[in-house]
Amino acid sequence: MMWWLFLSTVALLAYAWVAYPVILRLLAGAARSKVDPQPGPRLKAAVIVSAYNEEAHIRERIRNLRDVDWPSDSLTVWIGVDGASDRTGTEAEAEAGGDARVRVRQFEKNRGKVAVLKDLVRECAASESPDILVFTDANTVFERGALKRLLAPFADCSVGGVCGRLSLVRGGLAETHEGTYWDWEARLKDLESRLDSCLGANGAIYAMRAGLFWRDIPDNTIVDDFVLGMKVRETGARMVFEPDAVAYEEMPATVGDEWTRRVRIGAGDYQALWLCRRALLPRYGVFAWMFMSHKFLRWFTPHLMLLATASAAVHALKGADGSGLAVAVLWLSGMAVLALLAAVSRLTVRLGLRLPGLLERAAYFFTIQAALAAGFLRFCGGDLRGSWRRTSRGTKR
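Numbering follows this note's numbering, in which position 313 of the sequence shown is assigned residue number 491; successive positions increment by one, without gaps.
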């Protein structure tokens, strides 16, 4: 019994992390090509930004959005300051000056990103009726042509949303940690987009038709970018990936900041699974399969690893012999090594050092699973606050 439970859980892990990307690549190669943007009618776009304690970045963010390659008479920028305790609102107002394209709204209470987004979208829709809503973060920097490339796929009427590519500024943790993760995610998003739709979006750069914004999204939603992107697909429209629409962000300044952020995102992942559970229904076909394979199984990887470890330990303790015992001991040893590597990696980063590349990646994988497990406990405990605390960032790009 324990032996078969062990084999089953390991098989699921192997499928999610090894087999699925291979199968996806094979299927995507035979599927439709990426959207070929064609010249279409000029779209009126509204850029929506929710900011909290971003006094160091908000002026540059506004200047960056003013400088994008898009007709100024078809673009407005909405900045919502979410009860900041610093000078974010003052700096934003000063940078906006008399520019009618930039609208700054200051909210006294820190309610959380989603509450601000909903208020801005509501006011924006009532005052100017944009064709497209573009979402981004206050600490993000767009390439000059990013917005033009992001909006081009909307010439295809089947496209309801577009996700751009996030590129992390190299250095510090980004080089071996989060940067590798986002590069991998970008490749999967591209393949999934070719096959059907990408799964969700990333908050640095994405857009959707104004009528597809999910107005009932709960205010305490943590991974709002993922949920809003998934809701676009639930309407029947496609959410496509545009790798040439590039945005840049910095990494958290410390290991502690990265851990805190990852635990919070972990809790948000399980919340998102509940909010987007309809997308697992068979009627969504290949999209449901991708959601199950790419997200569901990966979000439950810590549970599967724990189950495999427990079943391997019981199998070994019950007196297994031969190859079964060898495999169980190998698995248990591997988990022990990963845990040790994660602990050593955390220490070396604090000392300004690093493990060799492959060992560092293995340690990061285990750390991410530990953060996801901590996020699951936070989710089960009902700790899903929408209000935020800004994560410290590294040197400005």
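Note that beta-carbon positions come from the ideal geometry of N, C-alpha and C, so glycine has one too.
- Straight across, the Cα-Cα distance linking residue 436 with residue 442 is about 10 Å.
- For the alpha helix (DSSP H) assignment, the uninterrupted runs of no fewer than 4 residues enclosed by the stretch 215–260 are, from N- to C-terminal side, 236–244.
- With 16 or more other Cβ atoms inside 10 Å of its own Cβ, residue 427 counts as buried.
- In the assembly as shown, residue 230 is a buried residue. Its beta-carbon has 16 or more other beta-carbons within 10 Å.
- For residue 533, the three-state secondary structure derived from DSSP is coil.
- Here residue 488 is actually not in contact with residue 188; their C-beta atoms are around 13 Å apart, not less than 8 Å.
- Taking residue 237 as reference, the option from 248, 247, 255 with the minimal CA-CA separation is 255.
- By a beta-carbon distance limit of 8 Å, residue 267 does not contact residue 288. Their separation comes to about 12 Å.
- Under DSSP, residue 373 forms no beta bridge with any residue.
- DSSP, reduced to helix, strand and coil, places residue 340 within a strand of the structure shown.
- Collapsing the DSSP output to three states places residue 422 in a strand.
- The continuous alpha helix (DSSP H) containing residue 465 extends over residues 464–468.
- For residue 373 and residue 494, the gap between their C-alpha atoms comes out near 43 Å.
- Short of 7 Å from the beta carbon of residue 362, and not among the five residues preceding or following it, lies no beta carbon of its own chain.
- Counting only the Cα atoms, residue 191 lies some 9 Å from residue 478.
- Under the three-pair Cβ rule at 8 Å, the stretch 319–331 does not count as touching the stretch 387–399.
- With at least 16 other beta carbons inside 10 angstroms of its own, residue 315 counts as buried.
- Straight across, the Cα-Cα distance linking residue 451 with residue 475 is about 11 Å.
- Per DSSP, the beta bridge partners of residue 385 are 312, 340.
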